[in-house]
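First up is the structure itself, then whatever we jot down about it.
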Amino acid sequence: MKYSMKKHFAMMFIMLVTGMILLCLILNSTLLERYYINNKKSALVRAYTSINQASTEGDITSDEYDIELRKICEKYNISVLVADGESETLKASMNDPEIAIKQLFDNIFRGTDDDRLLLDADNYKMHIVMDYRTQTEYIEMWGVLDSGYLFFLRSALEGIQESVKISNRFLTYVGCIAILVSVLLALWLSNRISKPILELANISERMKHLDFEAKYTGHDQTEIAVLGNNINELSETLETTISELKTANNELLKDIERKNREDEMRQEFLSNVSHELKTPIALIQGYAEGLKEGINSDEESRNFYCDVIMDEANKMNVMVKKLLTLNQLEFGNDIISMERFDIVALIKNYIASSDILLKQKEISVRMEDYDSVYVWGDEFKVEEVFMNYFSNAINYAQGDKIIDVKVQKQGQKARISVFNTGSQIPPESIEHLWEKFYKVDKARTREYGGSGIGLSIVKAIMESMNQEYGVVNYDNGVEFWFVLDIA
151 MKYSMKKHFA MMFIMLVTGM ILLCLILNST LLERYYINNK KSALVRAYTS
201 INQASTEGDI TSDEYDIELR KICEKYNISV LVADGESETL KASMNDPEIA
251 IKQLFDNIFR GTDDDRLLLD ADNYKMHIVM DYRTQTEYIE MWGVLDSGYL
301 FFLRSALEGI QESVKISNRF LTYVGCIAIL VSVLLALWLS NRISKPILEL
351 ANISERMKHL DFEAKYTGHD QTEIAVLGNN INELSETLET TISELKTANN
401 ELLKDIERKN REDEMRQEFL SNVSHELKTP IALIQGYAEG LKEGINSDEE
451 SRNFYCDVIM DEANKMNVMV KKLLTLNQLE FGNDIISMER FDIVALIKNY
501 IASSDILLKQ KEISVRMEDY DSVYVWGDEF KVEEVFMNYF SNAINYAQGD
551 KIIDVKVQKQ GQKARISVFN TGSQIPPESI EHLWEKFYKV DKARTREYGG
601 SGIGLSIVKA IMESMNQEYG VVNYDNGVEF WFVLDIA
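Note that our numbering numbers the sequence shown so that position 447 is 597, with each residue one more than the last.
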């Protein structure tokens, strides 16, 4: 990643450790010597206080105080000299008291450089001096005790500058090791911290593309784990919400499509109805006006006019009923009642009821003596499908005037077909047969009173039962068919 949190965390940790080590080096170089000198000053003042108190109480020459003085000298690395006004040594922890007494009187009479003076009190002074014999710096403190004795305290600075250099060198070595360890530790810690964050980043990236399969798998109790669990819950909620939205959107699209289709069907219905009713209404109006005006006064002509009016009115009545039936089917307002019934018995009964019409048109019907075949479907609507097929076969039967009815089992389906001899249906008309008011031969349809709605009703009924239907051209005629589930 361009801006890796892992790299940032490691760099910050390393910079912090390095900065702390550099700060220690700077402080060590600038303040350690001053701190050391201040510490020596405090030690000398405490030693002076102890010696002054002992001399005031009168036990400075006692053996007990010798032990106490030795402790002070060893603890603070201080050399002590106490003398009277005649240069007689009373107490000394130095190897060469005469030299110390000489240095004491030199300090008293000659004074010290102001730039080397550390303290200047009423009873004592403190300064830094260089011993030219040993080339060693000392802090010296001299003055008069409250008892009137002279005192001289000395403590070597022990090469504080060299000590600072050694300390800095040691701190540098330790710092390099600390930086190396901090690098390794920073890499380990940054990887441990950034790994779950990167996992959450990957999960959020997949969620951005609507992939909700990724889940946070950490089991610790840190804030990152709480965030991961919240993201898991958010992912599940988003997935459920999006699923519900898609479902609602799909239903909404279906409703819109259904509404548009219903509007189109309604407009088409009105257009077709007005077109189909135009001719019979015009005939009825014309013949009715002829009767009213007495164009033909003989009774036979009047009866003819009345028969035409009644015939056209009957055709209109039949067409309106079929349109209402088709309208209910297409708009889903008609309930499909699936039941088990014998399709063979239904066909035989309908053929028997059409016997008079068949004899009038001299049409012969062929059908084998099938055993009972039970199927699932709406018996009333299936009968209407067969009625439309059979009535079309009667109206279009030509040549040998034969209608062949078959009931064939094909696996779990029963195929019912109605064949009639006669002319084939033009190939360009086959795909339009199931459309409302479509007529292949308008003159012939008008002759037998067809409305062009029957096959549209067949289409609506079969689709409402989710079954197949169709038409096949043969050399000597046409076959219409449909299938039902065998019960």
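C-beta: ideal position from N, C-alpha, C; glycine also.
Original post:
Straight-line CA distance for residue 441 to residue 519?
Top reply: One C-alpha to the other measures close to 53 Å.
Original post:
Where does the unbroken alpha helix (DSSP H) through residue 266 begin, and where does it stop?
Top reply: DSSP places residue 266 outside any alpha helix (DSSP H), giving it a letter other than H or E.
Original post:
What runs of the alpha helix (DSSP H), each 4 residues or longer, lie entirely inside the region 160 to 213?
Top reply: Complete alpha helix (DSSP H) runs here, min 4: none at all.
Original post:
Quick one: Cα of residue 528 to Cα of residue 400, how far?
Top reply: C-alpha of residue 528 to C-alpha of residue 400: approximately 30 Å in a straight line.
Original post:
Which whole-angstrom value describes the C-beta separation of residue 195 and residue 301, a residue pair presumed to lie in contact below a C-beta threshold of 8 Å?
Top reply: About 12 Å separates the two Cβ atoms, so there is no contact after all.
Subject >> Start and end residues, alpha helix (DSSP H) containing residue 570 >> reply: Counting along the chain, residue 570 sits inside no alpha helix (DSSP H); it lies in the beta strand (DSSP E) bounded by residues 563 to 571.
Original post:
Do residue 230 and residue 241 have their C-beta atoms within less than 8 Å of each other?
Top reply: Yes. Within cutoff.
Original post:
Apart from the five residues on each side of it in sequence, which residues of its chain come closer than 7 Å, Cβ to Cβ, to residue 507?
Top reply: So the list reads 544, once near-sequence residues are dropped.
Subject >> residue 193 vs residue 226 beta-carbon contact at 8 Å >> reply: In this structure, residue 226 lies closer than 8 Å to residue 193 by Cβ.
Subject >> Cβ pair residue 557, residue 494 closer than 8 Å >> reply: Contact: yes.
Original post:
Going straight from the alpha carbon of residue 640 to that of residue 287, what length do you get?
Top reply: Since the first residue of the chain shown is 151 and the last is 637, residue 640 is not available in this structure.
Original post:
Straight-line CA distance for residue 165 to residue 179?
Top reply: Using only the alpha carbons, I get a separation of about 21 Å.
Original post:
Would you call the region 606 to 616 and the region 547 to 555 in contact, with 3 or more CB pairs under 8 Å?
Top reply: Taking 8 Å as the limit for Cβ pairs, the verdict is that the region 547 to 555 does not touch the region 606 to 616.
Subject >> Coarse secondary structure for residue 283, derived from DSSP in three states >> reply: In the structure shown, residue 283 sits in coil (DSSP, three-state: anything other than H, G, I, E or B).
Subject >> Whole-angstrom C-beta distance between residue 322 and residue 182, which should lie under 8 Å >> reply: So it is not a contact: roughly 14 Å between Cβ atoms.
Original post:
Helix or strand or just coil, what does DSSP make of residue 225?
Top reply: Here DSSP, grouped into helix, strand and coil, assigns residue 225 to helix.
Original post:
How is residue 524 classed by DSSP in three states: helix, strand or coil?
Top reply: Strand.
**OP:** Measure the C-alpha to C-alpha separation of residue 536 and residue 622 and round it to an integer number of angstroms.
**Re:** Their backbone Cα atoms lie some 16 Å apart in a straight line.
Original post:
Exposed or buried, which one is residue 542 when buried takes at least 16 other CB atoms within 10 Å?
Top reply: Taking every protein chain shown into account, the CB of residue 542 has 16 or more other CB atoms within 10 angstroms, so this residue is buried.
Subject >> Environment of residue 597 [buried if 16+ CB atoms lie within 10 Å] >> reply: Low confidence applies here, because residue 597 scores a pLDDT of 48, under 50, leaving its location unreliable; read the following figure in that light. Around the beta carbon of residue 597, a 10 Å sphere encloses fewer than 16 other beta carbons of the protein chains shown; the residue is thus reported as exposed.
**OP:** Determine which residues share a DSSP beta bridge with residue 516 and list them.
**Re:** Beta bridge pairing from DSSP links residue 516 with 554.
Subject >> Buried or exposed by the 16-neighbour rule on C-beta atoms within 10 Å, applied to residue 367 >> reply: Result: exposed.
Original post:
residue 168 and residue 329: beta carbons closer than 8 Å?
Top reply: The answer is yes: Cβ separation under 8 Å.
Subject >> Closest by C-alpha distance to residue 163, when choosing among 337, 496, 487 >> reply: Out of 337, 496, 487, 337 has the C-alpha closest to the C-alpha of residue 163.
**OP:** Note down the Cα distance separating residue 454 from residue 548, rounded to an integer number of angstroms.
**Re:** Between residue 454 and residue 548, the C-alpha separation is close to 29 Å.
Original post:
Ordered along the chain, which non-local residues of its own chain (more than five positions away) have a Cβ less than 7 Å from that of residue 170?
Top reply: In the same chain as residue 170, and ignoring 5 residues on each side of it, no C-beta atom comes closer than 7 Å to its own.
Original post:
Would you call the CB atoms of residue 534 and residue 500 closer than 8 Å?
Top reply: Not in contact: residue 534 and residue 500 (Cβ atoms no closer than 8 Å).
**OP:** Using alpha carbons as the reference points, say which of 276, 346, 258 lies closest to residue 130.
**Re:** Nothing can be reported for residue 130: it is not among the residues displayed for the chain, which extend from 151 to 637.
Original post:
With 16 other CB atoms within 10 Å as the buried threshold, where does residue 291 fall?
Top reply: It counts as buried.
**OP:** Using a Cβ-Cβ cut-off of 8 Å, state whether residue 317 counts as contacting chain B.
**Re:** No chain B appears in this structure, which consists of one protein chain only.
**OP:** Compare the C-alpha of residue 278 against each of 258, 405, 307, 488 and name the closest.
**Re:** Per the Cα distances, 307.
Original post:
Does the separation of the CB atoms of residue 635 and residue 525 fall below 8 Å?
Top reply: By the CB criterion at 8 Å, residue 635 and residue 525 fall inside the cutoff.
**OP:** Under the assumption that residue 223 contacts residue 243 (Cβ atoms under 8 Å), give the Cβ distance between them as a whole number of angstroms.
**Re:** Correct: roughly 5 Å between the Cβ atoms.
**OP:** Keeping to the same chain, check which residues put their C-beta closer than 8 Å to that of residue 497; ignore five residues upstream and five downstream.
**Re:** Counting only Cβ-Cβ distances below 8 Å, and skipping sequence neighbours, we find 517, 536, 555, 557, 566.
Original post:
Who are residue 291's beta bridge partners in DSSP?
Top reply: The partner list for residue 291 (beta bridge, DSSP) reads 276, 303.
Subject >> Cβ pair residue 299, residue 234 closer than 8 Å >> reply: Yes; because the gap between Cβ atoms is below 8 Å, this pair is in contact.
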